[in-house]
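Report on the structure given below.
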Amino acid sequence: MQLKEWPAEFDLGIGPIDDDHQMLFRTIQQLGQNIAENRDPNIIAATIMSLSLYVDEHFEREERFLLRAGYPEYDAHKTAHDEFRDSIMSLRHYHQEHSDDVDADKIVAFLEKWLLDHIAKVDRAYEPYLTGATEGDPKIRQRLKYEERSKAMVQITCPADKEQYVRHFVDLISDGSHEGVMIEAAVESVTIKQMARREAKAKRLFGR
Ligand SMILES: [Fe+2]
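Per the numbering used here, residue 5 is the first one in the sequence shown, and the count goes up by one each step.
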């Protein structure tokens, strides 16, 4: 498989973002080549993992820039990112389970098309806000502080044999996926039931 050059017409003129986009494009090409050349599944898994980490890092950087610029279409843009995060997660899991059944051409075509379409149609729209040519929405800008606070890291302890469940749970509720929303609703409903049970117990034990 021939590695393609980065098509320069997809540069937005915003240094850190263009660097990220080029890096993602190269990693996608590299992944396609590794699969096409039948490289060791561990090497392919590592390339998918580095693509996944870089996608996360890039989206977080871009989303921070958009909030700081008060970009009015922030929510729609983030939804587009979340869908792609979900696709990458699907690719990771699919490769984990079926490493001998991945089609390099299909993977590269899907990832490359998503990236270039997203840059041309979705990213290009924020350019005047990021360069300061268009004034952003102060209400969106205010959300930056809130988002940063809510992303603060916390340490929790859990039983060792439950670690994988806790990790999976945190992944599910952090990526804004459909399943994450279902889990949050389920936890809320269990919490309400637990509170009602404790209330009834307390009344029985301590009430008049
Ligand atoms: Fe984007």
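Cβ atoms here follow ideal geometry from the backbone N, Cα and C, with glycine treated the same way.
Residue closest to residue i, alpha-carbon to alpha-carbon, out of the options
i	options	result
residue 140	113, 64, 105, 78	78
residue 118	18, 25, 21, 212	25
residue 83	99, 64, 46	64
residue 49	162, 66, 96	96
residue 155	34, 20, 68	68
residue 33	174, 125, 66, 6	6
residue 61	86, 76, 80, 46	86
residue 99	81, 153, 36	36
residue 147	14, 44, 72, 93	72
residue 70	92, 94, 174, 143	143
residue 162	151, 197, 174	174
Same chain, Cβ closer than 6 Å to residue i, neighbours up to 5 away in sequence not counted
i	result
residue 145	74
residue 90	181
residue 18	134
Spatial neighbours of residue i in its chain, beta-carbon cut-off 8 Å, leaving aside the 5 residues before and after
i	result
residue 160	170
residue 122	84, 88
Other residues of its chain near residue i: CB distance less than 7 Å, five sequence neighbours each side excluded
i	result
residue 177	184, 187, 188
residue 126	81, 84
residue 4	Because the chain is modelled from 5 through 212, residue 4 falls outside the range shown and cannot be assessed.
residue 151	71
residue 20	65
Touch check for the region 119-130 and the region 50-58: three-plus C-beta pairs under 8 Å?
-> no
request  = Take every Cβ of the region 5-12, pair it with every Cβ of the region 21-34, and state whether three or more of those distances are shorter than 8 Å.
outcome  = yes
Requested in this report: Note down, one range per segment and in chain order, each alpha helix (DSSP H) of at least 4 residues found wholly within the region 60-143.
Outcome: 78-101, 108-121, 131-134
Open item on the list: For the pair the region 104-117 and the region 36-49, tell me if three or more CB-CB distances fall below 8 Å.
Closed with: yes
*Where are the alpha helix (DSSP H) runs, 4 residues long or more, that stay fully inside the region 5-58, in chain order?*
19-40
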